Amino acid sequence: MKALISVDMEGVSGIVHPSETNPERYDYQRGRELMTADANAVIAGVLDADPTADVLVADAHGTFRNLLPERLDRRARLVRGKPRALNMLAGLDAETDAALFVGYHVRAGEGPGVLAHTMNGEILDVRVAGRSLGEIGLNAAMAGHLGVPVVLLSGDDAACAEAADLIPEAITVPVKEALGAAAAVTLHPEEARDRLRRAAADAVTRRTEIPPLALTGPLDVEVDLAGTHTVDLATLVPGVSRAAGARTVAFTAPDYGTAYRLILLLAHLATIRPA
Numbered sequence: 002m003k004a005l006i007s008v009d010m011e012g013v014s015g016i017v018h019p020s021e022t023n024p025e026r027y028d029y030q031r032g033r034e035l036m037t038a039d040a041n042a043v044i045a046g047v048l049d050a051d052p053t054a055d056v057l058v059a060d061a062h063g064t065f066r067n068l069l070p071e072r073l074d075r076r077a078r079l080v081r082g083k084p085r086a087l088n089m090l091a092g093l094d095a096e097t098d099a100a101l102f103v104g105y106h107v108r109a110g111e112g113p114g115v116l117a118h119t120m121n122g123e124i125l126d127v128r129v130a131g132r133s134l135g136e137i138g139l140n141a142a143m144a145g146h147l148g149v150p151v152v153l154l155s156g157d158d159a160a161c162a163e164a165a166d167l168i169p170e171a172i173t174v175p176v177k178e179a180l181g182a183a184a185a186v187t188l189h190p191e192e193a194r195d196r197l198r199r200a201a202a203d204a205v206t207r208r209t210e211i212p213p214l215a216l217t218g219p220l221d222v223e224v225d226l227a228g229t230h231t232v233d234l235a236t237l238v239p240g241v242s243r244a245a246g247a248r249t250v251a252f253t254a255p256d257y258g259t260a261y262r263l264i265l266l267l268a269h270l271a272t273i274r275p276a
């Protein structure tokens, strides 16, 4: 069995504030330790279920250099750094049997949700075939495009509800109850890790019962951008045009894989500031 574990940071047990997720803030080292410990719990659960599994871990937050390599379970391999193909899902391919999303968060504009956003603060919303999707849905659909089911997701209660709406069969592990953008009622980290380990083992054991999230093309996509200058940049991309309003661009993709890559490109363009 081949498993990909994609690990974000905002939904990790115990984390509630940007100071714990931002490399330039004082509490970031503590956030890295919590993130690595949650990842290790899920690795252990996968290997409890199948000791021969090939486990690949994708660092999927910010710089993609957050997990502490020397503290990660040595039985797993780590993908870190950027830029890279498939972004938060680097290492995923059609040979992967299961994807597990750890430390994920609810999409921009939803909540209450701890540190809710979509990709970065410059993306206000992404709609694929009329449905609003955040990182959970966008990444789950990319896995589904390759025929890979997302079998587990952990995060706050809002993130788990978002995942359950998209993939009802997947196992969700709420490690905290969101009270707002930077506040939550949290489980003790060790309790959260015990739950993650048990759930990961259960999830990969049940992987054949969980269908991939498949979005078939052609697909109409709209992206709402915080910066109007990003709209100007986006329209330089062939096939991307202005839509209703000053902040929205639109395109039609022949399949979801193409849509996903274009959305990633728009997210990158959104980080470019006017000269």
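Per my numbering, the sequence shown starts with residue 2, numbered consecutively. From the three backbone atoms N, C-alpha and C, an ideal C-beta is built for every residue, glycine too. This one's a predicted model, so the numbers in the text were calculated from it and none came from an experiment.
Measure the alpha-carbon distance for residue i versus residue j and round it to whole angstroms.
i	j	result
A204	F102	11 Å
T173	R196	10 Å
A91	I6	10 Å
V193	L153	Per the sequence shown, the amino acid found at residue 193 is Ala instead of Val. Their backbone Cα atoms lie some 14 Å apart in a straight line.
G135	D157	14 Å
L125	R274	17 Å
K83	N121	15 Å
H146	L93	11 Å
K177	H118	17 Å
D39	N88	20 Å
A182	S20	13 Å
S242	E111	26 Å
P52	T37	20 Å
A185	Y105	15 Å
D256	D233	25 Å
L139	A109	13 Å
N23	N41	21 Å
G258	E25	34 Å
L237	A165	37 Å
G240	Q30	42 Å
S133	T206	30 Å
G246	V43	43 Å
Could you tell me whether the Cβ atoms of residue i and residue j are closer together than 9 Å?
i	j	result
E163	V224	no
K3	E71	no
L116	H269	no
D98	R208	yes
G218	A260	yes
E170	I211	yes
T187	G15	yes
H62	D28	no
A200	S155	yes
D60	L68	yes
A160	G32	no
R248	L226	yes
L79	V47	no
L267	A235	yes
A271	E123	yes
F65	R76	no
A45	D74	yes
D221	G131	yes
Thinking residue i and residue j are a contact (beta carbons under 8 Å), I'd like their distance in whole angstroms, please.
i	j	result
A244	A254	In fact, because the Cβ distance is near 15 Å, the residues do not count as touching under 8 Å.
P213	V149	6 Å
P175	L35	Wrong, their Cβ atoms sit about 16 Å apart, outside the cutoff.
V151	I264	Actually they are not in contact, since the Cβ atoms of V151 and I264 sit about 17 Å apart, beyond 8 Å.
A141	L180	Their Cβ separation, rounded to whole angstroms, is 26 Å, which puts A141 and L180 out of contact at 8 Å.
A50	A144	With a Cβ gap of about 19 Å, A50 and A144 do not count as contacting.
In this structure, does DSSP put residue i in helix, strand or coil?
i	result
V222	strand
V149	coil
T209	helix
T119	strand
R75	coil
R199	helix
A61	coil
I137	helix
I16	coil
G112	coil
A165	helix
E25	coil
R243	strand
D256	coil
A271	coil
L68	coil
A215	coil
V186	strand
G131	coil
V107	coil
A276	coil
V43	helix
G181	strand
Step through the CB atoms of chain C and report whether any lies within less than 9 Å of the CB of residue i.
i	result
T229	Here chain C cannot be found, since the structure has a single protein chain.
Can you tell me whether residue i sits near the ligand FMN, meaning its C-beta is under 8 Å from at least one heavy atom of the ligand?
i	result
P275	This structure does not include the ligand FMN; it has no bound ligands of any sort.
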